[in-house]
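Shown next, in structure tokens, is the structure this report addresses.
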Amino acid sequence: MTNNTPANSPTQTEITTGTRVRNFLIAIVAIALGAALFLGLRTETTSASLSKLSEAATPLEVAVSNGKPSLVEFYADWCAVCQKMAPDIAQIEQQYADKVNFVMLNVDNTKWLPEMLKYRVDGIPHFVFLSKDGESLAQTIGDQPRAVMSSNLDALIAGDSLPYAQASGQVSKFSAPVAPTATQDDPRSHGSQVVD
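Encoded structure:
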């Protein structure tokens, strides 16, 4: 019986071993890529987030009375622009934390309705720059470059006029709920009026 296999061609054992090695390498690469993707996503989500910024924020009552200027941000968890700016705001906060109060007011919380109406919040993020006395000096709305925010904060700390006092960028639309007025009929009256 003669062997029909040419002298330099691989044997069945060599082919099987080569396939196993190739499959093993593919599995190792797939595991490494999966781990890198998992860790990358995990690192991204654990960086700056609106909830972390909100937890670390100075309460408004403290900010208007502690003698430091303040940056008040009106935001919402669903606001894509707010989420996009969160890492920049976190870096700015680290840079200026000892000189400026950072206040976060969630527009979905009706507790802040008086402030939303006072500052005419109609798009978010909406930033209000307050003097050390709690007086509103300027407002910016929407996506702001870090350099613009830093320039405004430097001027706020120095007591100078803000260079980008009315800057506006991309916003998430928002309408503050209308406060009820005293002239509305009582819903229990069913439209009837009492005559004296």
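Take the position in the sequence shown, starting the count at 1, then add 1357; the result is the number in our numbering.
Idealized CB from N, CA, C, for every residue including glycine.
*Would you mind giving the Cβ-Cβ distance between Gln-1523 and Ala-1495, rounded to the nearest angstrom? I have them listed as a contact below 8 Å.*
Confirmed, about 7 Å.
_Option in Ile-1385, Pro-1482, Pro-1426, Ala-1389 with minimal Cα separation from Glu-1492_ = It is Pro-1426 whose Cα lies nearest to the Cα of Glu-1492.
_Own chain residues within Cβ distance below 8 Å of Ile-1514, not counting five before or after_ = Shown here for Ile-1514: same chain residues with a beta carbon closer than 8 Å to its own, the five before and five after excluded, namely Pro-1426, Tyr-1453, Lys-1456, Val-1457 in chain order.
_Can you look up Gln-1496 in the DSSP assignment and give me helix, strand or coil?_
Strand.
*Determine the extent of the alpha helix (DSSP H) in which Asn-1509 is found, giving its start and end residues.*
Here the alpha helix (DSSP H) through Asn-1509 covers 1503-1515.
_Nearest to Lys-1441 (by Cα), restricted to the options Ile-1383, Ser-1406, Phe-1381_ = Looking at the Cα atoms, Ser-1406 is the closest of the given residues.
*Could you round the C-beta distance between Val-1478 and Thr-1415 to whole angstroms and report it? I think they count as a contact, below 8 Å.*
By a beta-carbon distance limit of 8 Å, Val-1478 does not contact Thr-1415. Their separation comes to about 19 Å.
*Report the partner residues of Ser-1427 according to the DSSP bridge assignment.*
For Ser-1427, the beta-bridge partners assigned by DSSP are Asn-1458, Leu-1487.
*If I'm right that Cys-1439 touches Ile-1481 with Cβ under 8 Å, what's the distance once you round it to whole angstroms?*
Cys-1439 to Ile-1481, Cβ: 6 Å. Contact.
_Nearest-angstrom Cα separation, counted from Ala-1384 out to Ile-1372_ = Cα to Cα, Ile-1372 sits roughly 18 Å from Ala-1384.
*Which of helix, strand or coil does DSSP assign to Asn-1463?*
Three-state result, Asn-1463: strand.
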